[in-house]
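One point on numbering: in UniProt numbering, the residue at position 71 of the sequence shown is 71, and numbering is uninterrupted.
We put the beta carbon where it would ideally sit given N, CA and C, even for glycine.
The next block holds one structure in the form of structure tokens; read it before the comments.
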Amino acid sequence: MHLFIKRLVDLLGALFGFALLLPLLIVLAVAIKLDSKGPVLFKQGRRTKDGRIFKMWKFRSMVVNAESIGSGLFSYENDPRITKVGRFLRNTSLDELPQLFNVLEGSLSLVGPRPCVTYELGDFDTLNKRYKKRFSVKAGITGLAQARGRNENSWDEKVSLDNEYIDLFQKQGVWIDMVVLFETFINVFKSKDITESKFDVNMEDEESAKRAEEEIIRIAHMPD
């Protein structure tokens with residue numbers, strides 16, 4: 001029953017979001033086009049429940065082919081790959097709005113662990129049990145880890161919060177989703193620690209970003 005109600009809330013929420021935000025989506029699309037060369041939307045392979053791979057949509061906030069240059073997945077302060085409009089989109093989390101389409105098609109939920117890039121944690125099959133637990137539910141646009149200060153937390157702390165959400169959902173159902181959505185909206189309006197960019201106080205340059213990426217993979221495969 002929890003899953004049925006959750007899917008219903010996802011559909012209604014995504015449809016309402018599209019209807020309410022359509023003018024804003026058009027304005028953002030035009031701004032992205034005027035700001036830099038390349039497509040308005042960016043799609044990327046991500047992992048959701050049971051490690052299944054799907055294509056996730058975002059407004060493009062970086063230069064074309066950004067993943068293949070510089071620090072790869074991780075961005076850092078003053079990263080030159082981020083466009084002017086893209087920095088605003090990330091600071092306000094508006095780059096995530098196209099994921100409402102992912103919610104409608106069923107590849108994402110409004111609330112759940114954020115879907116990682118397919119290769120972000122290394123080999124999925126050899127992840128330790130703690131990290132693999134976060135893939136036992138459908139991924140979401142936002143989650144407990146994002147609502148509770150995403151950029152202040154390490155990847156390992158985010159996994160702990162993701163797993164806490166999974167346990168809470170089994171007990172509370174969509175009530176915990178409502179709490180997470182409320183806290184997310186509050187943080188977005190405050191522009192506080194909620195962006196998809198992986199800025200960190202220790203990620204001030206390209207080398208520190210690369211080291212952080214390697215450390216995440218190491219921890220994700222440590223024995224439980």
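Excluding the 5 residues flanking ILE176 on each side, which residues of the same chain have their C-beta closer than 6 Å to its C-beta? In the sequence shown, counting from the first residue as 1, residue 176 sits at position 176. Counting only Cβ-Cβ distances below 6 Å, and skipping sequence neighbours, we find LEU168 and PHE169.
Short check: CB of PRO113 to CB of TYR165, under 8 Å? Stepping through the sequence shown from its first residue, residue 113 is reached at position 113. Stepping through the sequence shown from its first residue, residue 165 is reached at position 165. Result yes, Cβ atoms of PRO113 and TYR165 sit closer than 8 Å.
Ends of the alpha helix (DSSP H) at GLY7? Here the question's residue 7 lines up with position 7 in the sequence shown. What sits at residue 7 in the sequence shown is Arg, not Gly. Judged by DSSP secondary structure, ARG7 falls within the alpha helix (DSSP H) whose first and last residues are 2 to 35.
Boundaries of the alpha helix (DSSP H) in which VAL111 is found, first to last residue: Taking the first residue of the sequence shown as 1, we reach residue 111 at position 111. In the DSSP assignment, VAL111 falls outside any alpha helix (DSSP H) and within the unbroken beta strand (DSSP E) covering 109 to 111.
By how many angstroms is the C-alpha of LEU89 removed from the C-alpha of LYS129? The residue labelled residue 129 in the question sits at position 129 within the sequence shown. The residue labelled residue 89 in the question sits at position 89 within the sequence shown. Rounded to the nearest angstrom, the two C-alpha atoms are 34 Å apart.
Ordered along the chain, which non-local residues of its own chain (more than five positions away) have a Cβ less than 6 Å from that of SER107? As a first step, residue 107 is located in the sequence shown; it is residue number 107 there, counting from the start. Result list for SER107: PHE54, in chain order.
So the alpha helix (DSSP H) LYS43 belongs to, where does it begin and stop? Here the question's residue 43 lines up with position 43 in the sequence shown. Run containing LYS43: none in the alpha helix (DSSP H); it sits in the beta strand (DSSP E), 41 to 47.
Mind checking which residues open and close the alpha helix (DSSP H) that includes MET178? Position 178 of the sequence shown, counted from the first residue, corresponds to residue 178. Element bounds for MET178: 174 to 190.
Just to confirm, are SER136 and LYS6 a CB contact at a threshold of 8 Å? Position 136 of the sequence shown, counting from 1, holds the residue named residue 136. Position 6 of the sequence shown, counting from 1, holds the residue named residue 6. Contact: no.
State the start and end residues of the unbroken alpha helix (DSSP H) segment that holds GLY86. Here residue 86 corresponds to residue number 86 of the sequence shown, with the count starting at 1. From DSSP, the alpha helix (DSSP H) with GLY86 extends over 84 to 92.
By a C-beta neighbour count over all protein chains shown, 10 Å radius and 16 as the cutoff for buried, is LYS171 buried or exposed? Counting from one through the sequence shown, the residue named residue 171 turns up at place 171. It is exposed - the Cβ of LYS171 has fewer than 16 other Cβ atoms within 10 Å.
Per DSSP, ILE53 is paired with what? Along the sequence shown, read from residue 1 onward, the residue named residue 53 stands at position 53. As DSSP reads the structure, ILE53 sits in a beta bridge with ARG47.
Taking only three categories from DSSP, how would you classify LYS58? Stepping through the sequence shown from its first residue, residue 58 is reached at position 58. Note: LYS58 maps to strand in three-state DSSP.
If you follow the beta strand (DSSP E) that GLY140 is part of, which residue opens it and which one closes it? Position 140 of the sequence shown holds residue 140. Following the DSSP letters along the chain, one finds GLY140 inside the beta strand (DSSP E) bounded by residues 140 to 142.
Range of the contiguous alpha helix (DSSP H) that encloses ARG130: Translated into positions along the sequence shown, residue 130 becomes position 130. Counted as a single uninterrupted DSSP element, the alpha helix (DSSP H) harbouring ARG130 occupies residues 129 to 133.
From which residue to which residue does the alpha helix (DSSP H) around GLU105 run? For the purposes of this step, residue 105 is taken as residue 105 along the sequence shown, with counting starting at 1. Its alpha helix (DSSP H) spans residues 99 to 105.
Report all residues from its chain with a CB closer than 6 Å to the CB of LYS158; omit the five preceding and five following residues, and keep chain order. Locating residue 158 in the sequence shown gives position 158, where the first residue counts as 1. Once the five neighbours on either side are set aside, the close Cβ partners of LYS158 are ALA145.
Note down the Cα distance separating VAL27 from LEU97, rounded to an integer number of angstroms. Position 27 of the sequence shown holds residue 27. Position 97 of the sequence shown holds residue 97. So the alpha carbons of these two residues sit roughly 13 Å apart.
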